[in-house]
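When the letters of the sequence shown are read in order and numbered with my numbering, they come out as residues 78 to 267. Ideal placement from N, C-alpha and C gives every residue a C-beta, glycine not left out.
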Amino acid sequence: MAKGEKKADKKSQDIKEEVLDQVEETTEAPEEKVEEQPELSTEDKLKAELKESQDKYLRLYSEFENFRRRTSKEKLDLISTANESLLQAMLPVIDDFERAEKSMTEDADLKSVKEGVDLISTKFKGILEAKGIKVIEAEAGSEFDLEKHEAITQIPAPTEELKGKIVDVVEKGYTLGEKVIRFAKVVTGA
């Protein structure tokens with residue numbers, strides 16, 4: 078048996094050597110192929126880089142255009158629904174005015190109609206104030222402020238004290254936050 082084992086060992090040794098030779102040949106073969114490929118010329122490299130840069134540019138441009146379209150659409154949506162909450166808050170005031178109109182035709186009690194209209198006015202002003210709208214203070218005798226007032230006319234001042242000051246307020250002005258949304262229309266003294 079020792080002889081049979083030696084033959085088996087020799088055969089397995091021969092097989093191992095053949096496998097190793099084949100593995101070496103296959104690992105050497107790709108190296109030869111790599112060496113056979115010609116190097117890219119500088120011009121070809123630059124062309125490849127240019128093509129890659131153009132692809133990146135086109136992708137970025139496309140992404141930017143999509144971003145611009147999306148933000149434009151969002152902006153339009155925001156503008157179209159920006160006043161929605163204000164308008165919803167005003168609907169009860171409209172309902173109150175309709176009830177007041179109905180009561181004026183049915184009931185001739187002027188005092189109760191006036192009280193109802195006063196309540197509606199207070200409610201409406203409260204809604205506007207809650208939304209950030211404030212009245213610009215302007216009264217006769219106060220200083221004219223170009224940032225808040227619009228002089229619609231100028232008349233001779235009734236007294237020396239009213240020269241360059243507000244003589245009369247024709248329309249109240251309003252601000253939304255810090256921004257003037259309507260200037261107070263006033264008459265000034267000259």
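Q) So, using beta-carbon positions, are Ile210 and Met167 closer together than 9 Å? A) For Ile210 and Met167, no; Cβs fall outside 9 Å.
Q: Have a look at the DSSP bridge pairing and note the partners of Leu137.
A: According to DSSP, which records beta bridges pairwise, Leu137 is partnered with nothing at all.
Q: Could you round the C-beta distance between Ile213 and Gly250 to whole angstroms and report it? I think they count as a contact, below 8 Å.
A: 4 Å
(Q) Per DSSP, what are the beta-bridge partners of Arg259 in this structure? (A) Tyr251
Q.
Suppose the cutoff is 7 Å on Cβ atoms and the five residues either side in sequence are ignored; what does the same chain contact list for Lys262 look like?
A. If we look at Lys262 and ignore the five residues flanking it on each side, its Cβ neighbours are Glu227, Ile229, Val247, Glu248.
Q: Flag this pair as touching only if the stretch 189-209 and the stretch 233-240 have three or more C-beta atom pairs under 8 Å; answer yes or no.
A: no
Q.
Using a 10 Å radius around the Cβ and a threshold of 16 neighbouring Cβ atoms, would you call Glu116 buried or exposed?
A. With a threshold of 16 other beta carbon atoms within 10 Å, Glu116 falls short and is exposed.
**Q.** Range of the contiguous alpha helix (DSSP H) that encloses Thr297
**A.** As displayed, the chain neither begins before 78 nor continues past 267, which places residue 297 out of reach and without an answer.
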